[in-house]
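Below: one structure, written as structure tokens.
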Amino acid sequence: MTGHEHDLKTKSPTLQALLRSLSKLRFENISGRTVDLVKDHPNPDDFVYGSHQTVIQIASKDLRITFKSHFTVSNTQTLLKKKLVKGALKPLYDLFMEYSNLVAGGVSQQLHASDIVSGISLPMATSGFDELIASDVLRSTSYFDYWMICGEGFCFTCTAMVDILEGAKVENLTFTNEEETEDGGLEFL
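According to this note's numbering, numbering within the sequence shown proceeds without interruption in unit steps and concludes at 564.
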């Protein structure tokens, strides 16, 4: 499924860099934790990257991005102030759904800045091992990226499936990295 011709980096290195940059910055912003490492997933064809996932879509006329965060309780529980009570995953789901929402909002802002009008869906969270919004059919318009976000006491996987339809203006996409300001807010440079 991840043949070189379907790698997002091959089709749009700028979009890949945008997704990875925002996934790191937005996680640091919402969690208050430092991300030490953003790296390629070692097994992108695994299909299952965690027992829980959140998913959100960013869509425009010619472009659809499905962004997912995949996690296990054992690899992310340290992100919460209190230990999870068995079966009470709501705080972890809330964290990752809001994280997905922040990433999607940032992507949508950058698309708008490149004259690509887009909107975002509401985030969803689920447990289990079935993929949400996935297909066994590989379309020629679909491109993929798989990466890990890791820091002290946590590690999870992010995936993106990007459908780039004919006429999409992704080659015109530009983005500026965001940097934290001294007051903790985000500043667009």
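Note that CB positions come from ideal geometry on N, CA and C, so glycine has one too.
Residue i in three-state terms, based on DSSP
{"i": "glycine 407", "result": "coil"}
{"i": "serine 387", "result": "coil"}
{"i": "lysine 399", "result": "helix"}
{"i": "leucine 497", "result": "coil"}
{"i": "valine 545", "result": "helix"}
{"i": "leucine 540", "result": "coil"}
Residue i beta carbon near the ligand ATP (any heavy atom closer than 6 Å)
{"i": "lysine 544", "result": "The model depicted lacks the ligand ATP and carries no ligand whatsoever."}
Start and end residues, alpha helix (DSSP H) containing residue i
{"i": "phenylalanine 471", "result": "465–488"}
Residue i to residue j span [Cα, whole Å]
{"i": "threonine 530", "j": "asparagine 418", "result": "Just to set this straight, residue 530 is cysteine in the shown sequence, not threonine. The straight-line gap from Cα to Cα measures roughly 15 Å."}
{"i": "threonine 388", "j": "proline 466", "result": "Reading off the sequence, residue 388 comes out as proline, not threonine. In a straight line, the C-alpha of proline 388 is about 34 Å away from that of proline 466."}
{"i": "lysine 436", "j": "leucine 486", "result": "12 Å"}
{"i": "leucine 390", "j": "alanine 535", "result": "10 Å"}
{"i": "valine 545", "j": "tyrosine 521", "result": "19 Å"}
{"i": "threonine 409", "j": "leucine 400", "result": "9 Å"}
{"i": "leucine 548", "j": "threonine 385", "result": "15 Å"}
{"i": "valine 492", "j": "leucine 477", "result": "17 Å"}
{"i": "glutamate 527", "j": "tyrosine 424", "result": "19 Å"}
{"i": "glycine 480", "j": "glutamate 473", "result": "10 Å"}
{"i": "serine 483", "j": "isoleucine 405", "result": "18 Å"}
{"i": "threonine 429", "j": "valine 413", "result": "19 Å"}
{"i": "glutamine 449", "j": "leucine 464", "result": "The amino acid occupying residue 449 in the given sequence is serine; glutamine does not appear at that position. Serine 449 and leucine 464: Cα-Cα distance of roughly 12 Å."}
Of the listed residues the options, nearest to residue i (C-alpha basis)
{"i": "leucine 454", "options": "Thr441, Ile440, Phe442, Asp469", "result": "Asp469"}
{"i": "leucine 438", "options": "Asn547, Thr549, Ile539", "result": "Ile539"}
{"i": "methionine 523", "options": "Ser489, His381, Ser396", "result": "Ser396"}
{"i": "methionine 499", "options": "Glu403, His427, Val413", "result": "His427"}
{"i": "serine 489", "options": "Leu464, His381, Ala543, Glu403", "result": "Ala543"}
{"i": "serine 398", "options": "Arg514, Ser475, Gly494, Ser483", "result": "Ser475"}
{"i": "aspartate 494", "options": "Leu393, Leu383, Thr441", "result": "The residue you asked about is not aspartate; residue 494 is glycine in the sequence shown. Nearest of Leu393, Leu383, Thr441 to glycine 494, Cα basis: Thr441."}
Boundaries (first-last residue) of the beta strand (DSSP E) holding residue i
{"i": "aspartate 415", "result": "412–415"}
{"i": "serine 517", "result": "517–526"}
Item checked: Within the segment 427–453, ranges of the alpha helix (DSSP H) (whole runs, at least 4 residues) -> 448–451
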